[in-house]
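Only one structure is covered here, and it is reproduced in the block below.
Protein chains: 2
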Amino acid sequence: MSTAERLIEATQELLWERGYVSTSPRAIQQRSGVGQGSMYHHFEGKPALALAAVRRSAEQLRAAAEADLGGEGSAAGRVRAYLRRERSVLRGCRIGGLAQDPDVVADPELRRPLEETFGWLRGRIAAVLEEGRRRGEFTAPLDPAATAAAIVAVVQGGYVLARSAASPEPFRQAVEGLIALLDAHTAP
Amino acid sequence: MSTAERLIEATQELLWERGYVSTSPRAIQQRSGVGQGSMYHHFEGKPALALAAVRRSAEQLRAAAEADLGGEGSAAGRVRAYLRRERSVLRGCRIGGLAQDPDVVADPELRRPLEETFGWLRGRIAAVLEEGRRRGEFTAPLDPAATAAAIVAVVQGGYVLARSAASPEPFRQAVEGLIALLDAHTAP
DNA sequence: GTCTATATCGAGATAGAC
DNA sequence: GTCTATCTCGATATAGAC
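Shown next as structure tokens:
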């Protein structure tokens, strides 16, 4: 693997584990096995490296979501698949976790991948719901955009509850609580 | 106001704005107007000060939630009041935001107020839902604990979406999406 | 491209005077 | 109780040799 590649992957891991403010160039060098001079040769500094890493993580998150949402089956089934996918719950969301970091939110360049990722995800889920609605899968009217926002929020909030409890259980409960509400709208 | 009090309030503000790792003793001194020596006289160090501040914020969060959830009216109405309460959405949750901080989650003492707060909140909302269920307010069966977890998660996740978008709108959408799902379970 | 040396600054305290 | 001085360490680079 190339040096730049190793740097990006190490930064992705550290951003996930420690967030942005708490991830140091020194730690990136140690994790990647790349030296000081080499790191600054490939990237201008910590912000540039973080930007590359965040963009990469955002791509991966979109690909994973699309694998669930783009499949065959009913709208409700695809949303359930997305909600119930296996996750490292206690690690939190690699993208959503950064929204808490003041230095990320304050920097428009660093925040943009977050905005784009969640914007895309909400839109993608809304499109799935809209498709289900057109097919007559739902028994009651349902606002696709608002419902999609609630679905994404339950996942992101589930991470917060799980990390607070040091247990994946609240995540699971929140997801199942939402699925039960959605199922009540779904024709059998 | 006492010196200790000023220190706690300044720390509460900074933890809310910047999180734990990114809040320095120096910043606390400047925000509170309390000197170095004085700060270390009243508190052993940053962890002790943060613990006092987090406990205080947790108390305040519980009091605010109880004001909505403990009122008169139907279960659904009290939950709606809780969900629609005016919030500084872009600032995020003073408690939930800390769940992303690795140093907070790694320290059992610092994490405990988070666990207790969300444990209490989920239980309190579950009790409201259970009361509504006994009164026959719901038209379909509904698991109080799971539904409560979903409700709390939507709020916490709403903050994440809003901060990512630099706009309160996704928070509002997620909350309204959830309320619409809940309303479908509620007798008119 | 990669290495080592060096620089500046703030984090997070401790010590002891007042 | 509060103040100022001092200390150590890591964050985040820059410079220049190899």
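Taken in sequence, the protein lines are chains C and W. The first sequence runs 1 to 188 under the UniProt record's numbering. The second sequence runs 1 to 188 under the UniProt record's numbering. For every residue, glycine included, the Cβ atom is placed at its ideal position computed from N, Cα and C.
Is the beta carbon of I95 (chain C) less than 9 Å from the beta carbon of P108 (chain C)? Taking C-beta atoms as the reference points, I95 (chain C) and P108 (chain C) fail to come closer than 9 Å.
Check this for me: beta carbons of V34 (chain W) and R6 (chain W), under 9 Å apart or not? Cβ atoms of V34 (chain W) and R6 (chain W): closer than 9 Å.
Where the stretch 77-98 of chain C meets chain W: residues whose CB sits under 7 Å from a CB there: Here the close residues are G92, G96 and G97.
Beta-carbon separation (whole angstroms), V154 (chain W) vs L178 (chain W), contact threshold 8 Å: Contact holds; Cβ gap of about 5 Å.
Segment limits, alpha helix (DSSP H) that includes G92 (chain W): Per DSSP, G92 (chain W) belongs to no alpha helix (DSSP H) and is neither H nor E.
Listed by chain order, chain C residues near L182 (chain W) by CB distance under 9 Å: Within 9 Å Cβ-Cβ: L181.
Could you compute how far the alpha carbon of A106 (chain C) sits from the alpha carbon of E115 (chain C)? Using only the alpha carbons, I get a separation of about 13 Å.
Contacts that L49 (chain C) makes with chain W (C-beta to C-beta distance below 8 Å): Under the 8 Å cutoff, chain W gives no residues; its nearest Cβ is about 19 Å from L49 (chain C).
In angstroms, rounded to a whole number, what distance separates the CA positions of G45 (chain C) and R84 (chain C)? Going from the Cα of G45 (chain C) to the Cα of R84 (chain C) covers about 38 Å.
Every unbroken alpha helix (DSSP H) within the stretch 109-144 of chain W, with a cutoff of 4 residues, ordered by chain: Taken in chain order, the complete alpha helix (DSSP H) segments of 4 or more residues contained in the stretch 109-144 of chain W number zero; there are none.
Please classify A63 (chain W) as buried or exposed, where buried requires at least 16 neighbouring CB atoms within 10 angstroms. By the neighbour-count criterion, in which a residue is buried when 16 or more other Cβ atoms sit within 10 angstroms of its Cβ, A63 (chain W) is exposed.
Hey, out of W:Q100, W:Y82, W:V175 and W:T3, whose CA is closest to S32 (chain W)'s CA? Closest in alpha carbon position to S32 (chain W), among W:Q100, W:Y82, W:V175 and W:T3, is W:T3.
Whose C-alpha, out of W:G37, W:S57 and W:A65, is nearest the C-alpha of I8 (chain W)? Of the candidates W:G37, W:S57 and W:A65, the one whose C-alpha sits nearest the C-alpha of I8 (chain W) is W:S57.
If you measure between the beta carbons of A126 (chain C) and T147 (chain C), is that distance less than 9 Å? Annotated as proximal: A126 (chain C) and T147 (chain C), with beta-carbon spacing under 9 Å.
Which whole-angstrom value describes the C-beta separation of L51 (chain C) and L110 (chain C), a residue pair presumed to lie in contact below a C-beta threshold of 8 Å? Rounded to whole angstroms, the Cβ separation of L51 (chain C) and L110 (chain C) is 6 Å, and the two are in contact under 8 Å.
Report yes or no: is there a C-beta of chain W within less than 9 Å of the C-beta of I8 (chain C)? No, I8 (chain C) lies away from the interface with chain W (no Cβ there is under 9 Å from its Cβ).
Under the three-state DSSP convention, the category T23 (chain C) falls into: DSSP places T23 (chain C) in coil when its eight states are reduced to three.
Cβ neighbour criterion (16 or more within 10 Å) applied to V39 (chain W): In the sequence on display, residue 39 (chain W) carries Met and not Val. With 16 or more Cβ atoms within 10 Å of its Cβ, M39 (chain W) is classed as buried.
Going along chain C in order, which residues have a C-beta closer than 9 Å to the C-beta of G136 (chain W)? Under the 9 Å cutoff, chain C gives no residues; its nearest Cβ is about 17 Å from G136 (chain W).
Rank W:P188, W:W16, W:L142 and W:A10 by C-alpha distance to the C-alpha of Q100 (chain C) and give the top, closest one. The shortest Cα separation from Q100 (chain C) among W:P188, W:W16, W:L142 and W:A10 belongs to W:W16.
To which residues of the same chain is G92 (chain C) closer than 7 Å at the C-beta, ignoring the five residues directly before and after it? Its chain contains Y159 and R163 as the residues whose beta carbon lies nearer than 7 Å to that of G92 (chain C), once the 5 sequence neighbours on both sides are disregarded; these appear in chain order.
Taking L114 (chain C) as the query, report the chain W residues whose CB atoms sit under 7 Å from its CB, ordered along the chain. Taking a Cβ-Cβ threshold of 7 Å, the residues of chain W close to L114 (chain C) are S164, in chain order.
Is V34 (chain W) near the ligand SAM, with its Cβ less than 8 Å from a heavy atom? Ligands displayed in this structure: none; no statement on the ligand SAM is therefore possible.
Is there a Cβ of chain W sitting closer than 9 Å to that of S22 (chain C), yes or no? At least one CB of chain W lies nearer than 9 Å to the CB of S22 (chain C).
Starting from R111 (chain C), find everything on chain W with Cβ-Cβ shorter than 8 Å and list it in chain order. Under the 8 Å cutoff, chain W gives S164 and A166.
Buried or exposed: Q36 (chain C), going by 16 or more other Cβ atoms within 10 Å of its Cβ? Q36 (chain C) is exposed by the Cβ-count criterion.
Taking only beta-carbon atoms, is L61 (chain W) less than 9 Å away from chain C? By the rule that beta-carbons nearer than 9 Å mark a contact, L61 (chain W) does not touch chain C.
Check whether the stretch 171-185 of chain C and the stretch 70-87 of chain C are in contact - that is, three or more C-beta pairs closer than 8 Å. As far as the Cβ criterion goes, the stretch 171-185 of chain C touches the stretch 70-87 of chain C, which means the pair count is three or higher.
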